[in-house]
Amino acid sequence: MADLLPRHAAVGPTVPHGERKRKDIQALRALAVAMVVVYHFWPNALPGGFVGVDVFFVISGFLITGGLFRKPPSGLRDLTGFWARRVLRLMPAAAVTLLLSLLAVALFLPLGQWQASARHALSSMFYVENWRLISEATDYLQEGGNGSPFQHFWSLSVEEQYYITWPVLVCVLVAIGARRRWALRTTLGIGVGVVTAASLAYGLAITWSSPAVAYFSTPARMWELGLGGLLAILEGRREWPATATRLRTALAWCGVAMMLAAAFLLSEATPFPGVAALLPTVGAAAFILAADPDGRLSLRPLTHAGPVQLVGDTSYAMYLWHWPVLLLAPLCLGVEPSLWLKLLLLPTLLALSWASTTFVEDPIRTSRPGVSVRRRGLVVLVVASSLVVAASGAMWWQVERSNAASARAVAELSNGAVERSCLGAGALDDTLDCPADPELVTTPEFAKTDQSESIQIGVCLNWPPFGPLISCTRGETESPTAKIALYGNSHAGHWQPAVESVATARGWQLDTYVVGVCQPTLEPIRENGAAQTPERTAECQAIESEVLDDLTSKDYDTVVMSTMDHDNDASTYAGTLERLTEAGVRVVVIRDTPAPLDIENDTPFCLSFHLGDPEACAGSPEDWIRPDPLAEAAQDADEDLVTIVDLNDRLCAETTCPAVMGGVIVYSDYNHMSKTFNTTLAPYLEPYLVEVVGDDESHPIDE
Numbered sequence: 001m002a003d004l005l006p007r008h009a010a011v012g013p014t015v016p017h018g019e020r021k022r023k024d025i026q027a028l029r030a031l032a033v034a035m036v037v038v039y040h041f042w043p044n045a046l047p048g049g050f051v052g053v054d055v056f057f058v059i060s061g062f063l064i065t066g067g068l069f070r071k072p073p074s075g076l077r078d079l080t081g082f083w084a085r086r087v088l089r090l091m092p093a094a095a096v097t098l099l100l101s102l103l104a105v106a107l108f109l110p111l112g113q114w115q116a117s118a119r120h121a122l123s124s125m126f127y128v129e130n131w132r133l134i135s136e137a138t139d140y141l142q143e144g145g146n147g148s149p150f151q152h153f154w155s156l157s158v159e160e161q162y163y164i165t166w167p168v169l170v171c172v173l174v175a176i177g178a179r180r181r182w183a184l185r186t187t188l189g190i191g192v193g194v195v196t197a198a199s200l201a202y203g204l205a206i207t208w209s210s211p212a213v214a215y216f217s218t219p220a221r222m223w224e225l226g227l228g229g230l231l232a233i234l235e236g237r238r239e240w241p242a243t244a245t246r247l248r249t250a251l252a253w254c255g256v257a258m259m260l261a262a263a264f265l266l267s268e269a270t271p272f273p274g275v276a277a278l279l280p281t282v283g284a285a286a287f288i289l290a291a292d293p294d295g296r297l298s299l300r301p302l303t304h305a306g307p308v309q310l311v312g313d314t315s316y317a318m319y320l321w322h323w324p325v326l327l328l329a330p331l332c333l334g335v336e337p338s339l340w341l342k343l344l345l346l347p348t349l350l351a352l353s354w355a356s357t358t359f360v361e362d363p364i365r366t367s368r369p370g371v372s373v374r375r376r377g378l379v380v381l382v383v384a385s386s387l388v389v390a391a392s393g394a395m396w397w398q399v400e401r402s403n404a405a406s407a408r409a410v411a412e413l414s415n416g417a418v419e420r421s422c423l424g425a426g427a428l429d430d431t432l433d434c435p436a437d438p439e440l441v442t443t444p445e446f447a448k449t450d451q452s453e454s455i456q457i458g459v460c461l462n463w464p465p466f467g468p469l470i471s472c473t474r475g476e477t478e479s480p481t482a483k484i485a486l487y488g489n490s491h492a493g494h495w496q497p498a499v500e501s502v503a504t505a506r507g508w509q510l511d512t513y514v515v516g517v518c519q520p521t522l523e524p525i526r527e528n529g530a531a532q533t534p535e536r537t538a539e540c541q542a543i544e545s546e547v548l549d550d551l552t553s554k555d556y557d558t559v560v561m562s563t564m565d566h567d568n569d570a571s572t573y574a575g576t577l578e579r580l581t582e583a584g585v586r587v588v589v590i591r592d593t594p595a596p597l598d599i600e601n602d603t604p605f606c607l608s609f610h611l612g613d614p615e616a617c618a619g620s621p622e623d624w625i626r627p628d629p630l631a632e633a634a635q636d637a638d639e640d641l642v643t644i645v646d647l648n649d650r651l652c653a654e655t656t657c658p659a660v661m662g663g664v665i666v667y668s669d670y671n672h673m674s675k676t677f678n679t680t681l682a683p684y685l686e687p688y689l690v691e692v693v694g695d696d697e698s699h700p701i702d703e
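Residues in the sequence shown are numbered from 1 upward in steps of one, following UniProt numbering.
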């Protein structure tokens with residue numbers, strides 16, 4: 001699969017408190033974290049290095065379940081003690097990483113990056129980052145985008161959720177086994193086996209149906225931890241015979257070979273986790289099961305080597321720091337992430353990891369006589385989370401204050417009325433005497449939230465899985481002189497501010513019918529260069545049919561349509577236009593707008609680094625204006641009932657499509673117009689709509 005965000009691996013805890021570390025497992029940690037670091041620093045060199053996540057999950061499941069098997073929790077006191085030890089082990093170093101990374105963001109990154117960083121820092125601090133990434137990966141407005149310095153916390157979030165639920169499961173299983181007089185190993189084996197099998201089945205299914213969700217999903221990952229747990233439960237049933245050294249050595253080598261094969265052969269195009277995840281997980285399990293064999297051809301000379309053990313001992317800190325260092329260092333230094341910079345960052349990463357382990361992790365997790373583990377855990381939890389909340393809140397407040405200033409400036413300049421002015425689109429109006437370089441009114445951080453209601457999920461945008469049809473009513477609702485509708489995908493939705501302004505001024509009622517992911521047609525469509533899945537086609541056809549039923553039965557005077565579609569041809573939309581016009585509905589098709597379509601460097605992000613040179617974020621009409629099959633279909637439709645409106649000359653000059661126009665940032669992301677800018681297009685859209693809908697005695701927008 002092509003993930004919307006980079007893949008990151010998890011780092012599990014060390015051996016449970018008070019137990020001797022197994023050098024083979026520490027070496028396994030070193031291998032896993034090395035795969036992750038190499039993958040992120042040089043993804044082409046190790047395209048499947050993200051499988052480190054699977055190796056770490058198996059390790060964590062093995063160690064945690066093994067500890068719980070040897071000393072099963074019997075009540076709340078045991079559970080809180082376990083959770084307190086996890087807090088002492090994980091949270092201090094995580095909090096330090098979050099706080100120092102937030103400081104780097106505040107010192108070196110523009111204000112436009114603060115709020116997203118604060119949001120992800122909070123999600124990471126409370127170990128729900130995986131669910132945030134799921135929401136953003138499936139959010140239309142968050143596709144792609146710029147990486148967060150904290151998104152690698154998704155895997156730690158999965159593990160922390162495992163640490164919370166797994167001891168409770170074991171506690172329940174122990175109680176059930178005691179009541180039925182079952183052996184502990186049998187009870188846990190059955191219970192963990194059932195959970196592992198159910199998670200594997202779910203993971204396989206969701207990887208096929210929704211890979212972006214599957215990758216970060218805790219239920220889809222639980223089987224990997226469960227596999228390690230089953231290994232811990234079954235491991236003690238029978239010791240390896242003394243004569244099995246060669247077999248154990250072969251098993252260890254096979255395990256390493258499987259993990260390395262996964263790292264080199266898999267890639268981000270691989271559906272994951274799914275069947276492919278069995279390769280690294282079974283490999284890790286085989287390596288652990290071999291139990292560190294000695295003798296000829298064994299791996300001990302390598303796995304017990306001092307540098308390998310050092311990397312294993314600091315693997316948690318190395319994982320915490322590797323992504324913020326890689327992401328933030330080039331931005332802080334103002335340089336490109338070149339090969340030489342990455343080579344220089346490696347010793348920096350090692351030094352940070354050693355310092356974090358030596359001065360943060362080890363001292364805090366070491367028991368202090370006379371102070372209970374639960375009390376220390378509670379103190380660390382409160383202090384660490386409070387500091388991260390305070391830092392994130394301060395950054396969030398600063399952005400909100402800036403956004404409020406932009407909103408006030410827009411309100412003052414528009415003065416509550418929509419009319420031709422030098423604000424926004426008027427900058428290209430030859431009839432106005434506009435300054436060449438006006439002061440920036442909307443800032444990059446404001447532009448990111450400056451969005452039409454009809455491109456916001458949960459407001460006026462229908463988004464799969466579709467529920468009841470969402471249609472927002474705006475404009476004059478008491479006694480409208482006309483009823484119009486806005487119909488299409490989100491590129492119809494970003495026209496709502498301008499259409500609504502015209503409707504309000506003219507006394508019309510506006511109803512929105514904006515459907516994300518789908519196109520305004522009942523025909524099967526292509527998306528992203530391939531045929532839409534049968535399931536998505538059925539979803540889209542069902543909701544589009546419902547929309548068309550409304551549009552042809554609710555006495556609409558006019559339907560305003562627009563869409564972004566780079567995969568289909570005009571024939572896709574001929575049926576839609578024919579159905580509307582046969583019902584006597586007039587149609588206004590607004591040609592699709594220019595767009596940068598640079599997911600990794602959207603307009604607000606680009607401008608946040610080029611406020612003094614907005615031309616660095618501009619484009620050309622040749623690159624940004626693309627074919628529009630809906631507009632092409634409109635050319636062949638009934639010319640008495642279908643009107644085409646092309647306002648792209650208000651977004652692009654002869655050779656340039658600016659990113660900032662008349663002091664207003666044109667786009668709120670990589671393809672949608674900002675609400676403020678689109679509103680300034682209302683005076684230029686109004687004559688076309690009035691000509692189609694009809695004039696009345698209301699006041700026009702532009703007197």
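Built from N, CA and C at the ideal position, the CB exists for glycine as well.
Since I believe residue j is in contact with residue i (beta carbons under 8 Å), could you give me their beta-carbon distance rounded to a whole number of angstroms?
i, j, result
"alanine 291", "tryptophan 240", "6 Å"
"alanine 503", "arginine 650", "The pair is not a contact, with the Cβ atoms about 19 Å apart (cut-off 8 Å)."
"arginine 591", "alanine 631", "5 Å"
"phenylalanine 264", "glycine 48", "6 Å"
"leucine 289", "leucine 231", "6 Å"
"leucine 341", "valine 335", "6 Å"
In angstroms with no decimal places, state the Cα-to-Cα distance between residue i and residue j.
i, j, result
"proline 73", "leucine 234", "19 Å"
"proline 330", "tryptophan 42", "15 Å"
"aspartate 567", "aspartate 628", "10 Å"
"leucine 378", "glycine 516", "45 Å"
"alanine 45", "valine 37", "11 Å"
"isoleucine 455", "leucine 333", "36 Å"
"serine 315", "leucine 28", "10 Å"
"residue 741", "threonine 165", "In the structure as shown, the chain begins at 1 and stops at 703. Residue 741 is therefore absent and cannot be evaluated."
"proline 468", "isoleucine 484", "21 Å"
"proline 465", "alanine 220", "19 Å"
"proline 683", "leucine 413", "16 Å"
"serine 101", "serine 60", "26 Å"
"histidine 40", "alanine 482", "57 Å"
"proline 621", "tryptophan 508", "34 Å"
"glycine 145", "arginine 296", "Confidence in glycine 145 is poor, its pLDDT being 48 and thus under 50, which makes the residue's placement too unreliable to answer from."
"leucine 577", "arginine 408", "41 Å"
"arginine 89", "leucine 200", "29 Å"
"aspartate 550", "alanine 659", "37 Å"
"proline 594", "lysine 23", "58 Å"
Ends of the beta strand (DSSP E) at residue i?
i, result
"tryptophan 508", "508–515"
"threonine 643", "642–645"
"lysine 483", "482–488"
Using a Cβ-Cβ cut-off of 8 Å, state whether residue i counts as contacting chain D.
i, result
"leucine 343", "Within the model displayed, chain D is absent; a lone protein chain is all it includes."
Pull the bridge partners of residue i from the DSSP assignment, please.
i, result
"tyrosine 667", "Met673"
"glycine 473", "Per the sequence shown, the amino acid found at residue 473 is threonine instead of glycine. Beta-bridge pairing links threonine 473 to Asp511."
"methionine 661", "Val664"
"isoleucine 288", "DSSP lists no partner for isoleucine 288."
"isoleucine 457", "Leu461"
Between which two residues does the alpha helix (DSSP H) containing residue i stretch?
i, result
"histidine 304", "Note, histidine 304: premise wrong, no alpha helix (DSSP H); not H, not E."
"isoleucine 364", "362–365"
"proline 64", "According to the sequence provided, residue 64 is isoleucine. The question's proline does not apply to it. Counting along the chain, the alpha helix (DSSP H) containing isoleucine 64 begins and ends at 52–70."
"tryptophan 42", "Taken as a continuous stretch (DSSP letters only), tryptophan 42 belongs to no alpha helix (DSSP H), as it is neither H nor E."
"glutamate 691", "682–693"
"valine 168", "153–180"
"leucine 630", "629–635"
"tryptophan 624", "621–624"
Contained alpha helix (DSSP H) runs [length at least 4] in the region 387–454, N- to C-terminal order
For secondary structure counted as the alpha helix (DSSP H) over 4 or more consecutive residues, the region 387–454 holds these complete runs in sequence order: 444–447.
Write down every uninterrupted run of the beta strand (DSSP E) in the region 525–613 whose length is 3 residues or greater and which is fully enclosed by it, in chain order.
Listed in chain order, they are 558–562 and 586–590.
Segments of 4+ residues assigned as alpha helix (DSSP H) that fall wholly inside the region 202–262:
Taking only runs of at least 4 residues, the alpha helix (DSSP H) segments lying wholly in the region 202–262 are 211–216 and 218–235.
Along the chain, which unbroken stretches of the alpha helix (DSSP H) at least 4 residues long are found entirely within the region 303–342?
The qualifying runs are 306–313 and 315–333.
Where are the alpha helix (DSSP H) runs, 4 residues long or more, that stay fully inside the region 60–140, in chain order?
List check, alpha helix (DSSP H) in window: 76–108, 114–125 and 129–137.
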